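A.B. asks: Dropping a structure here in structure tokens format, bear with me for questions.
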Amino acid sequence: MIDRRAFLKSLAGLTTGILLSSANAEEGQEAKPSNDRLGALLPMRKFGRTGEAVTILGVGGWHIGEMKEKEAQKTIETALEGGVRFFDSAESYQAGGSERRLGKLLVPKYRDDIFLMTKTTARDAATARKHLENSLKHLNTDHLDLWQVHAVRNPEDVDSRIDKGIFDVMVEAKESGKTRFIGFTGHTSPSAHLRVLEKSDIFDACQLPVNLTDMSYESFIEGVVPTLVERNIGVIGMKSLANGGFFGGSKHGKHGPNPRVVPNRVSISEAIRFVWSVPVSTLVTGPDNAAQMQEKIDIAKASAGMGEPERNKLIEKVADMAGTTVEFYKA
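Numbered according to my numbering, the sequence shown spans residues 5 to 335.
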């Protein structure tokens, strides 16, 4: 526990370092939001070596693709009105449906106001190029802000994607201007992320699970995040509620009958505020509807940071629940 507390304390210092303006910030306290043409922004953080700043909350594209169109539009507008400017998607979500929805409901009016990211699950170079062209068409844009290699599973999967030219296509896309930045994602095992970092230093961003139970089983926070920060790679947090696992679920985005982390042990606010207490630039949240989007926005606006005692107490409260029952997506 002493070692873990020392580790968390060091992460807190790194978190302060990525706040947009941290000169007067106490531990974990966000800088005051700024404004753009749409209104007040949520607090923003530096996004690694990109030179960009992003809002601390982003919208998960899979969930936008699952909603009825009317609710998706309401959720997008709620996010924008609440100061969110980071939008996530992937070519694989609803077979391009998520991208098409953003391309219809978001991009035409707000492309210059947002940070737009999508991802490819391609396993060979030709498919990756096809995915990129499809994504640009679906999203109704001529360039992405971030394009990511999606869902690396293990070291062997990483090696295969490298051998089949996926990383080369990512560099090619960036050099051509079809994407400003490139990154990679995964939720199965920290070993996959570490293999990417061992084999390459081409990526500007990385998306990975960050939540309270992660700290006690196959931890991405302990195993991967420090290297990302050291290399100045932007960290995108996801699965803050374990993709429904905190609500007893064992399937993507669904609740279920398993023991519940929320509300039995911690609140949604505590779970989300914990994520912002580690050096993530943004947290991609998956709302089921506009009301849930507003709930996360309210938490972001009210967040007063999280100090070391609260952080340690919360981790201890859920440590016995850690593992593949809650984080069912881990290997």
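Just so it is clear, CB atoms sit at the ideal spot from N, CA and C, and this is done for glycine as well. As the structure is a computational prediction, the values presented were derived from the model and not from experiment.
1. Could you work out which residue in Gly260, Gln296, Phe185 is closest to Ile68 when comparing CA atoms only?
2. Using a Cβ-Cβ cutoff of less than 7 Å, which residues in the same chain neighbour Phe188 once the five nearest sequence positions on both sides are dropped?
3. Just how far apart, CA to CA, sit Ile80 and Asp292?
4. CB Lys203 to CB Ile170, shorter than 8 Å?
5. Less than 8 Å between C-beta atoms, sequence neighbours within five positions excluded: which residues of the same chain meet that for His147?
6. To which residues of the same chain is Ala27 closer than 8 Å at the C-beta, ignoring the five residues directly before and after it?
7. Go ahead and pull the three-state DSSP assignment for Asn39.
8. Between the alpha carbons of Lys78 and Asp117, how many angstroms are there, rounded?
9. How many angstroms separate the CA atom of Asp302 from the CA atom of Lys168?
10. For Pro263, does the count of other Cβ atoms within 10 angstroms reach 16, so buried, or fall short, so exposed?
11. Just how far apart, CA to CA, sit Glu56 and Glu226?
12. When the Cβ atoms of the segment 305-324 are set against those of the segment 228-243, are three or more pairs found closer than 8 Å?
13. For Lys178, tell me which candidate among Asp149, Thr192, Glu160 has the shortest Cα-Cα distance.
14. Quick one: grab the DSSP three-state call for Ala130.
15. Given a cut-off of 8 Å on the beta-carbon distance, is the pair Glu312 and Arg8 in contact?
16. Using CA coordinates, which residue listed in Arg53, Gln98, Lys108, Ala94 is at the minimum distance from Leu136?
17. If we ignore side chains and look at the alpha-carbon of each, how far apart do Thr125 and Asp40 end up?
18. Should Thr328 be labelled buried (16 or more other beta-carbon atoms within 10 Å of its own) or exposed?
19. Please classify His197 as buried or exposed, where buried requires at least 16 neighbouring CB atoms within 10 angstroms.
20. Within a Cβ cutoff of 7 Å, which residues of the same chain sit near Val228, ignoring the five residues on either side of it in sequence?
21. For Arg53, which of Ile186, Val265, His256 has the nearest alpha-carbon?
22. On the CB-based measure, 16 or more other CB atoms within 10 Å of its CB, does Phe163 come out buried or exposed?
23. Find the nearest neighbour of Glu299 within the set Lys255, Ser271, Val282, Met310, judged by alpha-carbon distance.
24. Beta carbon of Leu120, beta carbon of Thr82: below 8 Å?
25. Give me the Cβ distance between Gly238 and Phe51, rounded to the nearest whole Å; I'm assuming they're in contact under 8 Å.
26. Whose C-beta lies closer than 7 Å to the C-beta of Lys113 among residues of the same chain, with five residues either side of it excluded?
27. Give me the residue from Tyr333, Leu15, His142, Pro47 with the minimum Cα distance to His191.
28. Is it buried or exposed for Lys72, if we count other Cβ within 10 angstroms and need 16 for buried?
29. Hey, how far is the Cα of Ala16 from the Cα of Phe278?
30. Roughly how far, in whole angstroms, is the beta-carbon of Asn158 from the beta-carbon of Ala335, given that I think they are within contact range, below 8 Å?
31. On a Cα-Cα basis, can you pick out the residue from His259, Asp172, Glu103, Glu70 that is closest to Ala130?
32. Take Asp205 and list the residues in its own chain whose beta-carbon comes closer than 7 Å to its own, dropping the five residues that flank it on each side.
33. Report the three-state DSSP secondary structure of Ser26 (helix, strand or coil).
34. Does the distance from the CB of Glu103 to the CB of Leu46 come in under 8 Å?
35. In terms of residue numbering, what span does the beta strand (DSSP E) encompassing Leu287 cover?
36. With burial defined as no fewer than 16 other Cβ atoms inside 10 Å of the residue's Cβ, what is the status of Lys352: buried or exposed?
C.D. replies: Looking at the atomic coordinates:
1. Gln296
2. Excluding positions up to five away in sequence, the list reads Gln152, Val153, Val156, Val200, Phe207, Cys210.
3. 12 Å
4. Against a cut-off of 8 Å, the Cβ pair of Ile170 and Lys203 comes out as no contact.
5. By the criterion of a C-beta distance shorter than 8 Å, His147 is surrounded in its chain by Leu140, Gly181, Lys182, Thr183, Arg184, once the five residues flanking it on both sides are discounted.
6. Here the model assigns Ala27 a pLDDT of 41, short of 50, so the residue's position is not dependable and the matter cannot be decided.
7. Three-state DSSP puts Asn39 in a strand.
8. Answer to the nearest angstrom: the Cα atoms are 18 Å apart.
9. 44 Å
10. exposed
11. Between the alpha carbons of Glu56 and Glu226 lies a gap of roughly 25 Å.
12. No, the segment 305-324 does not touch the segment 228-243.
13. When the alpha-carbon of Lys178 is set against those of Asp149, Thr192, Glu160, the nearest one is in Asp149.
14. helix
15. no
16. Ala94
17. 34 Å
18. exposed
19. buried
20. Pro194, His197, Leu198, Leu212
21. Ile186
22. Note that residue 163 is Asp in the sequence shown, not Phe. It counts as exposed.
23. Ser271
24. Not a contact, by the Cβ cut-off of 8 Å.
25. Going by Cβ atoms, the distance from Gly238 to Phe51 rounds to 4 Å, so yes, they are a contact pair.
26. Excluding sequence neighbours, Lys113 sits near nothing in its chain.
27. Tyr333
28. exposed
29. 11 Å
30. 7 Å
31. Asp172
32. Arg235
33. Because Ser26 carries a pLDDT of 43, less than 50, the predicted location of this residue cannot be relied on, and no value is offered for it.
34. Contact flag unset, no.
35. For Leu287, the enclosing beta strand (DSSP E) starts and ends at 286-289.
36. Residue coverage of the chain in this structure runs from 5 to 335, which leaves residue 352 outside it and unanswerable.
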